[in-house]
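Taking it in order: structure first as structure tokens, then the write-up.
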Amino acid sequence: YHTWMFEASDPPVFKWYLKTFGKDVNLFVDHSQIVEFNAWRLGLWGDSDIWKGKRLSYPANKG
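If you read the sequence shown in the numbering used here, its first letter stands for residue 62, the second for the next number, and so on.
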């Protein structure tokens with residue numbers, strides 16, 4: 062799934078992809094859903110059920 066891109070036009074659809082494949086899944090989303098998708102993908106806000114039982118980590122700032 063790292064080299065494929067899936068179409069996910071509605072929030073319930075991209076939520077399913079995030080729950081199933083994780084935050085690194087490549088999704089084609091409608092431009093009006095980009096903020097919501099990225100917030101869910103990064104775990105900033107949204108449905109906490111997406112990340113239930115999963116560990117989120119962020120790379121160290123290399124600056």
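All C-beta atoms in this analysis are idealised placements derived from N, C-alpha and C, irrespective of residue type, glycine included. The structure presented is a predicted model; accordingly, all values stated were derived computationally and were not measured.
- From the listed residues F82, D110, N99, the smallest Cα separation to V90 is found for N99.
- Rounded to whole angstroms, L88 and S70 show a C-alpha spacing of 9 Å.
- For M66, the closest C-alpha among the options K80, D85, S93 is that of D85.
- If you draw a straight line from the Cα of W106 to the Cα of E97, it comes to about 9 Å.
- Rounded to the nearest whole angstrom, the C-alpha separation of R102 and L79 is 7 Å.
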